[in-house]
Each structure stands twice: as structure tokens, then as C-alpha cells.
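Undergrad: Quick one: the structure is below, and I'll ask about it shortly.
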Amino acid sequence: MSENEIFSRALNQLENNAIRNAEKDLAIKTTAKESVHQTDLIAQLVEKSKLAEKEAGEAKGIALESQRIANVSNNIAFAAILVSTIFSIITIIVAVSIGIGNG
């Protein structure tokens, strides 16, 4: 094998190695870039999750306040029914008394 052939093969091997290294570098850079993108997406999801948690807390507070108002409304309705019943009984007693007095 001549010196030129040896030199040519060595040069060819170096070129092939350089191409493989460039391909590896490109793959690493692409992976790193995608990793940064994924990290950004995760950060956005975390922020949205925090916002959703905050909104859920606010909704829970509103629901509890609504429940309290409903309980008060139920108590008022019960009191109104009780007062109405008492007035009805008094009205019946008065009507019967008037009827007995006139009878």
C-alpha cells in the first residue's frame, strides 16, 4: 500500500469521524433544545395548576358562603311557617270563640 493510499484512507477515516461527531453534536443540541422547550411547558403547567388551585379555593369559599346563606334562608322559612301556623291557630280559636259567643 502506497503512502498516498494510507494518507487517503486516514483522511477518509477522519472525515467519517468528523461527520459522525457533527451528527452527534446536532443530536445533542436538538435534544437540549427540546428539553428546554419541555421545561418551559412544565413551568407553564405549574403556573396554570397554581391558578386553578387558587380559583378552586375561591370557589370553595363561595360555595361555603352560599351554603351559609341557604341555611339562614331555611331557618327564616321555618320561622315564617311557625309564625303563620301560630297565627292560623289563633285565628281559628278567635273564630270559634266568636261563633260560640254568638251561638
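Using this note's numbering, you'd call the opening residue of the sequence shown number -6 and step up by one each time.
Here a beta-carbon is modelled for each residue, glycine too, at the ideal position from N, C-alpha and C.
#1: So, for residue 37: in the same chain, excluding its five sequence neighbours on each side, which residues have a beta-carbon less than 7 Å away from its beta-carbon?
#2: Going straight from the alpha carbon of residue 88 to that of residue 78, what length do you get?
#3: Please report the straight-line C-alpha distance between residue 66 and residue 85, rounded to a whole angstrom.
#4: In whole angstroms, give me the CA-to-CA distance for residue 3 and residue 21.
#5: Helix, strand or coil, according to DSSP, for residue 42 in the structure here?
#6: Taking the C-alpha atoms as reference points, what is the distance between residue 53 and residue 62?
TA: The answer reads as follows:
#1: On the sequence shown, position 44 is the one that residue 37 refers to. Around residue 37: no qualifying Cβ.
#2: Taking the sequence shown and counting its residues from 1, one reaches residue 88 at position 95. Taking the sequence shown and counting its residues from 1, one reaches residue 78 at position 85. Straight-line Cα distance between these residues: approximately 15 Å.
#3: In the sequence shown, the residue the question calls residue 66 occupies position 73. In the sequence shown, the residue the question calls residue 85 occupies position 92. Rounded to whole angstroms, the separation of the alpha carbons of residue 85 and residue 66 is 28 Å.
#4: Position 10 of the sequence shown, counted from the start, is the residue given in the question as residue 3. Position 28 of the sequence shown, counted from the start, is the residue given in the question as residue 21. Between residue 3 and residue 21, the C-alpha separation is close to 27 Å.
#5: Taking the first residue of the sequence shown as position 1, residue 42 is located at position 49. DSSP places residue 42 in helix when its eight states are reduced to three.
#6: What you label residue 53 is simply residue 60 of the sequence shown in a count that begins at 1. What you label residue 62 is simply residue 69 of the sequence shown in a count that begins at 1. Spanning the two alpha carbons is a distance of roughly 14 Å.
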